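Data block below; observations after.
Protein chains: 2
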Amino acid sequence: MTAARPRSAERRADILRAAFEVIAARGYRGASLAAVAERAGLTQQGLLHHFPSKAALLVAVLEERDRWDTGGGAAGRADWRLDLLATLVDYNAMRPGVVQTFSALLGESVTDGHPARDFFTRRYARVRADMAGLLRAEFGERLPGGLTPERAAPLLTAVLDGLQYQWLLDPGAVDMAAAFRDFLGLLGVEEAK
Amino acid sequence: MTAARPRSAERRADILRAAFEVIAARGYRGASLAAVAERAGLTQQGLLHHFPSKAALLVAVLEERDRWDTGGGAAGRADWRLDLLATLVDYNAMRPGVVQTFSALLGESVTDGHPARDFFTRRYARVRADMAGLLRAEFGERLPGGLTPERAAPLLTAVLDGLQYQWLLDPGAVDMAAAFRDFLGLLGVEEAK
């Protein structure tokens with residue numbers, strides 16, 4: 001299958017995967033192009049052929065991640081349903097590496113002049129709007145728990161992100177999926193068990 | 001007043017303040033001892049006299065922060081009340097620099113071998129226990145919204161942290177204090193307005 005893909009696309013995918021892993025381990029500011037190149041089995045010169053700068057590589061990593069799926073931090077697609085969101089949290093609990101990359105980058109993005117800052121700012125605006133839209137589509141102007149879709153959306157997003165930090169730091173202490181379902185119960189959109 | 005403090009304690013306080021600012025701007029991995037020393041008006045050698053390593057400085061920053069108050073991310077003291085927590089969010093909204101330092105460090109702490117990881121892991125375990133304790137003291141074994149104190153605690157903590165990221169990225173788009181009060185309303189411990 002993959003043999004049919006152009007060689008350059010394959011190489012690009014290798015680099016992105018390597019960058020993902022290096023960022024998870026060291027953050028973006030702690031990551032070096034040399035380390036990414038080495039992990040991808042390339043020279044640094046070879047890497048720069050595909051991505052002209054470290055910032056360009058970072059943007060590609062973030063865009064690629066949003067293409068793969070919408071997990072890792074908060075939603076990003078308009079065609080979601082709320083029950084899929086709970087399933088996504090279950091799924092994320094099985095891939096700490098992806099969650100770690102996202103969470104490390106989100107944290108760094110609030111520092112001055114970080115190249116991921118614009119990406120995250122735009123992403124969260126979109127995520128909040130998408131969340132409000134899907135809540136409105138299912139429940140109308142007021143959720144059973146009392147909030148409007150627009151007031152529930154930033155909380156829903158915050159819970160997803162905040163639980164990931166607690167879970168990454170101490171996976172045994174926090175059941176991310178159960179806690180998220182508890183929150184859906186508070187919103188009144190799913191029964192707490 | 002400050003003239004009465006020993007000179008070494010003053011110098012130490014200057015260094016910690018400088019480190020706070022540099023970490024807010026660049027994160028811990030992006031911060032250099034040289035930059036902290038310059039901002040504190042010291043040589044790097046002079047800085048190392050007070051803090052033998054960058055990691056030692058980081059731990060001192062985190063401990064100092066917890067001494068100042070319990071804000072910036074989530075609670076850390078046992079003598080809190082829930083209404084003070086909402087006030088703390090109001091207060092944090094007036095000091096983005098402190099919130100930024102905390103949020104950047106939390107994000108970095110999930111990367112491999114980060115020197116703040118143990119600090120945050122222990123801190124969150126304590127914060128969750130303290131939160132559960134104060135909820136139990138006020139509401140007993142079940143909150144009006146239906147959750148037990150132990151199940152509400154990680155959500156309360158997650159909302160505080162998660163809202164800070166959204167607010168730091170786009171202060172005009174997220175009213176952190178109003179959103180937090182909405183969440184207290186969902187828990188049933190304060191009326192949503």
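Protein chains in written order, with UniProt numbering: chain A, 1 to 193; chain B, 1 to 193. Ideal placement from N, C-alpha and C gives every residue a C-beta, glycine not left out. A quick note: this is a predicted structure, and the numbers were derived from the prediction, not measured.
Asked, Found
"Does B/L163 get closer than 8 angstroms to chain A when you measure Cβ to Cβ?", "yes"
"I need the straight-line Cα distance from B/F120 to B/P154, nearest angstrom please.", "14 angstroms"
"Between which two residues does the alpha helix (DSSP H) carrying B/F119 extend?", "R117 to F139"
"Is any beta-carbon of chain B found at less than 8 angstroms from that of A/L147?", "yes"
"Closer than 8 angstroms between beta carbons: that is the criterion. Which residues of the stretch 98-111 of chain B meet it against chain A?", "Q100, S103, A104, L105, L106, G107, E108, S109, V110 and T111"
"Please list the partners that B/R117 has in chain A, where partner means a Cβ-to-Cβ separation under 9 angstroms.", "L169"
"Under 8 angstroms between C-beta atoms, does A/Q44 make it to chain B?", "no"
"Is B/E10 buried or exposed, if buried means 16 or more other CB atoms sit within 10 Å of its CB?", "exposed"
"Answer yes or no: do A/R81 and A/L143 have a C-beta to C-beta separation smaller than 8 angstroms?", "no"
"What's the call for B/Q166, buried or exposed, on a 16-neighbour Cβ count within 10 Å?", "buried"
"Anything in the stretch 79-92 of chain B with a Cβ closer than 9 angstroms to a Cβ of chain A? List those residues in chain order, please.", "none"
"Would A/L187 count as contacting chain B if we go by Cβ distances under 8 angstroms?", "yes"
"What did DSSP end up calling B/H50 once you bin it into helix, strand or coil?", "helix"
"Keeping to the same chain, check which residues put their C-beta closer than 8 angstroms to that of A/A86; ignore five residues upstream and five downstream.", "A177, F180, R181, L184 and E190"
"Are the beta-carbon atoms belonging to B/G46 and B/A55 less than 8 angstroms from one another?", "no"
"Which chain A residues are close to B/D182, counting only those with a beta carbon under 7 angstroms from its beta carbon?", "L147, R151 and L155"
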